[in-house]
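If you're matching positions, the sequence shown starts at 1 in full-length UniProt numbering and goes up one per residue.
Backbone N, C-alpha and C define an ideal beta-carbon position, used for all residues, glycine too.
Let me begin by presenting the structure, written as structure tokens, before commenting on it.
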Amino acid sequence: MFDSILVPTDGSPGSERAFEAAATLARTHDATVHVLSVVDEHGPTDDWDYDGDSPAEAFIESQADHVDTEGLSITAAVREGVVHDAVLDYANETGIDLIIMGTHGRTGVRRFLLGSVTEKVVRLADVPVLSVKADAEPGTISFDDILLPTDGSSGAEAAIEPTGTLASETDATVHLVSVVDTRSLGIDVGSTVIVDELESVATDAVEDGSDQLTKMGVKAVETAITHGIPYQAILDAIEDTDADLVVIGTHGRTGVDRYLLGSVAEKLVRTSPVPVMTVRASDVGEES
């Protein structure tokens, strides 16, 4: 599934962590890594005035001391344009399966604010996007424990296949969690009945997800039902399971709605202490 991985770079720590993650996954999946440097069409024109290596090639060379790239297939590319548009266009044109980006970049006249670009790519990309924290410690990227939140919706279903692909290749443990959101319920008989119904839906969601993952060859699947505010409960689950990665699905959207990422996924991308992979469902017209 992950045969071609794209890392947009601005040379920032976020880009470096993204490249580390790409190298780790590429080695596991025998994938090609594309490193893309986008020269902002609204930025200084002298960004094009480089000698020797292109910005993307120079970035790859700069990572050689702490990222093992031996044996990997790596392609360097440079584009000009609006940064997030150029990233999405390159992904579409080259058949990219996964985009990996840092959540923050350097600011200043000659640097892109990669944080805002990442959010736009997360919202608009048709392929999974893996967001990696810029302040993550170098060399700590691993995928031994994967947290997969699910509510049984089509958006959540979209995250099962990439999770299974990752876990089956790396022998990772998948922690399936479904959060029962009881914020709006009072403590009465009617609410108790509703909670029971919500818990039943949550149980079905994790059991169905577990069955699908097992069929994909995932050997270790753990399930849990929890209560609370969804994104906070997921953050707690990251700590409880010692997760290395969160994979979360979002609903397909069209038009203006496509710019609105589901609130839970968006909050996780911004606040999760570990990388978050967002997977947009192919169906459209639903709300996250």
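- Rounded to whole angstroms, the Cβ separation of Ser37 and Phe19 is 12 Å, and the two are not in contact under 8 Å.
- Per DSSP, Glu16 is one residue of the alpha helix (DSSP H) stretching across Pro13 to His29.
- Residue range Ile160 to Thr170 is occupied by the alpha helix (DSSP H) that includes Leu166.
- Secondary structure note for Gly155: its alpha helix (DSSP H) is the uninterrupted segment Ser154 to Glu157.
- DSSP places Arg123 in the helix class (H, G or I) of the three-state scheme.
- For the region 189 to 216, the continuous alpha helix (DSSP H) assignments of 4+ residues that do not extend past its boundaries occur at 189 to 215, in sequence order.
- Taking C-alpha positions only, Ala167 is separated from Ser263 by approximately 26 Å.
- Our two residues, Ala86 and Leu98, have alpha carbons roughly 15 Å apart in a direct line.
- Annotation: the continuous beta strand (DSSP E) that includes Pro149 extends over Asp145 to Pro149.
- Rounded to the nearest whole angstrom, the CA to CA distance from Gly249 to Val218 is 19 Å.
- The C-beta distance from Leu148 to Val174 rounds to 6 Å, short enough to meet the 8 Å contact threshold.
- Non-local beta-carbon contacts of Gly228 in its own chain, meaning distances under 7 Å to residues more than five positions away in sequence, involve Val179 in chain order.
- In the three-state scheme derived from DSSP, where H, G and I count as helix and E and B as strand, Arg79 is classed as strand.
- Counted as a single uninterrupted DSSP element, the alpha helix (DSSP H) harbouring Arg270 occupies residues Ser263 to Thr271.
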